[in-house]
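Using the UniProt record's numbering, the letters of the sequence shown map in sequence onto residues 1 to 330.
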Amino acid sequence: MQSSSVLFPVALVSAEFRGDLSEDVYRLKPGNSPDPSVELALTRLGRVGHEAHRGVPVILIPGSFSNRRFWYSPKGIGLGPHLARAGFDVWIAEMRGHGLSPRNRGYRHNTVRDYVRYDLPAIGAFVFEQNPQPAHWLGHSLGGITLAGALGGGYLDEAQMASVALFGSQISRIYWPLKLPPVEWGGRLLLKRFALVSGSRLRRGPEDEPIGLVLESLRWHGLFGRFGDEQRDWWAGLCTVRVPVMAVAAAGDRQDPAWACRKLLEQFGSAIREYVCLGKQQGFSSDFGHVEMLVSKQAQAEVWPLVERWLRDGSPVPCQAATGELEIPS
């Protein structure tokens with residue numbers, strides 16, 4: 001496996017065997033953003049003894065307050081190892097300041113806009129350089145929102161993408177108090193006093209989030225907010241996307257409700273759009289939750305095979321009820 005790149009400086013910081021898996025950790029220094037100190041960790045999982053076989057690449061993006069361990073536990077369990085053992089070329093990305101990616105100098109000001117404009121394009125370019133096949137991209141929660149933003153903003157090359165799968169990702173849930181300008185302004189003034197939001201203190205996950213990301217979310221959900229940056233309206237841009245897309249929602253998800261996940265999917269202009277709701281009513285064993293949809297024994301038995309089917313055949317459906325119609329509130 002190459003430890004260098006003609007694109008930008010790349011270091012192979014570790015190469016280990018983890019049971020039947022090989023684990024290569026790269027550190028990318030793209031130098032493509034206003035903060036030149038940004039470095040991105042990218043973990044590749046492969047099968048021991050199959051190093052010469054390059055399967056179809058799959059890029060996994062964790063959500064907020066999370067890191068690569070969401071997809072890949074220290075014991076070699078997770079959707080990442082499952083797909084690697086199934087023959088896919090698995091890459092797990094960690095955004096700037098998360099997991100093995102060191103905190104950059106401007107960490108407190110990091111935003112989804114930075115991930116969309118700079119980090120995801122660099123990750124996609126490097127993976128394509130290492131394995132020049134169109135890649136499948138999977139994102140959970142904020143990871144899926146970031147993918148949607150990068151596609152809607154036109155920052156990712158669709159010719160290098162095989163499909164996109166969004167898990168528990170939405171931006172349509174309305175927080176009515178934030179529609180009142182005094183509430184939004186007061187919240188912004190209060191939050192600017194902090195550098196970060198602690199995931200462990202809030203019991204949301206092992207990682208912290210920069211306060212810049214929280215302030216950006218306030219702007220999205222404000223009275224005149226929109227899903228986009230100063231230059232582009234990402235929401236409007238999704239209508240021009242043509243990459244096959246799947247949205248997976250969880251019936252028991254109180255954070256990112258199923259109707260909102262469905263609404264994000266329907267904004268895509270893709271000819272192939274698949275929707276799956278993980279709930280008893282749709283034929284699954286339980287009403288899955290926001291995390292349990294991918295990290296649980298039930299997910300291992302019911303959801304991981306569904307994802308593998310999508311990656312291989314472009315159809316996730318284990319039973320027709322799984323993609324039944326869902327009414328979206330106006």
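Backbone N, C-alpha and C fix where the C-beta goes; we use that ideal spot for every residue, glycine too.
In terms of CA proximity to R108, V214 leads the group G225, P9, V214 and D287. Here DSSP, grouped into helix, strand and coil, assigns A15 to strand. Here the alpha carbon of H290 sits roughly 26 Å from the alpha carbon of E184. The C-beta separation of H136 from V58 comes to about 5 Å, placing the pair in contact by the 8 Å criterion. Secondary structure within the segment 101-183: the beta strand (DSSP E) runs of 3 or more consecutive residues, fully enclosed, are 135-140 and 161-167 (chain order).
Taking all protein chains shown into account, I171 has 16 or more neighbouring C-beta atoms within 10 Å of its C-beta and is therefore buried. Between V243 and S163 the beta-carbon gap is near 6 Å, inside 8 Å, which marks them as a contact. The Cβ atoms of V116 and F88 do not sit closer than 8 Å to each other. Per the DSSP secondary-structure output, G46 pairs in a beta bridge with S22. The three-state secondary structure of W91, taken from DSSP, is strand. For the options E308, F227, G283 and T111, the alpha carbon positioned closest to that of L294 is the one of E308. Assignment of D233 by DSSP, reduced to helix, strand and coil, places it in the strand class.
Segment contact: the segment 38-46 against the segment 116-128, three or more CB-CB distances shorter than 8 Å; contact assigned.
Under the 10 Å beta carbon count, E266 is surrounded by fewer than 16 other beta carbons and is classified as exposed. Look at I272 here: in three-state DSSP terms it is coil, with no helix or strand label. Straight-line spacing of the CA atoms in L12 and K29 works out to 12 Å. With a minimum length of 4 residues, the unbroken runs of alpha helix (DSSP H) contained wholly in the segment 276-325 fall at 297-313.
A contact between stretches requires three or more CB pairs, one per stretch, nearer than 8 Å, and the segment 147-161 fails this requirement with the segment 191-206.
Excluding its 5 nearest sequence neighbours in each direction, R54 has C-beta neighbours in its own chain below 7 Å: D89 and N131, listed in chain order. Contact between G143 and G78 does not hold, since the beta-carbon distance rounds to 14 Å and is not under 8 Å. Excluding five sequence positions before and after A247, the CB atoms of its chain that fall closer than 6 Å to its own CB belong to L166, C261, L265 and Y275, given in chain order.
Counting only residues of its own chain and dropping the five nearest sequence neighbours on each side, G31 has a CB closer than 6 Å to the CB of F8. As the crow flies, the alpha-carbon of D229 is around 23 Å from that of D208. The three-state reading of DSSP puts A258 in helix, counting H, G and I together. Residue burial is scored here from C-beta neighbours: Y175 has fewer than 16 other C-beta atoms within 10 angstroms and is therefore classed as exposed.
Measuring C-alpha to C-alpha distances from A271 to each of E302, C239, G252 and K263 identifies C239 as the nearest. Inter-residue distance for G99 and R68 is about 7 Å (C-alpha atoms, whole angstroms).
Straight-line measurement puts the Cα of G237 at about 4 Å from the Cα of G152. Taking all protein chains in view, the Cβ of F224 is surrounded by fewer than 16 other Cβ atoms within 10 Å, so the residue is classified as exposed. According to the DSSP secondary-structure assignment, A84 is paired through a beta bridge with no residue. A direct Cα-to-Cα measurement between G283 and V241 gives close to 30 Å.
Scanning its chain for C-beta atoms nearer than 6 Å, with the 5 sequence neighbours on each side dropped, one finds around G106 the residues D35, in chain order.
In terms of CA proximity to P81, R47 leads the group R47, F65, Y26 and H140. Here DSSP, grouped into helix, strand and coil, assigns E51 to coil.
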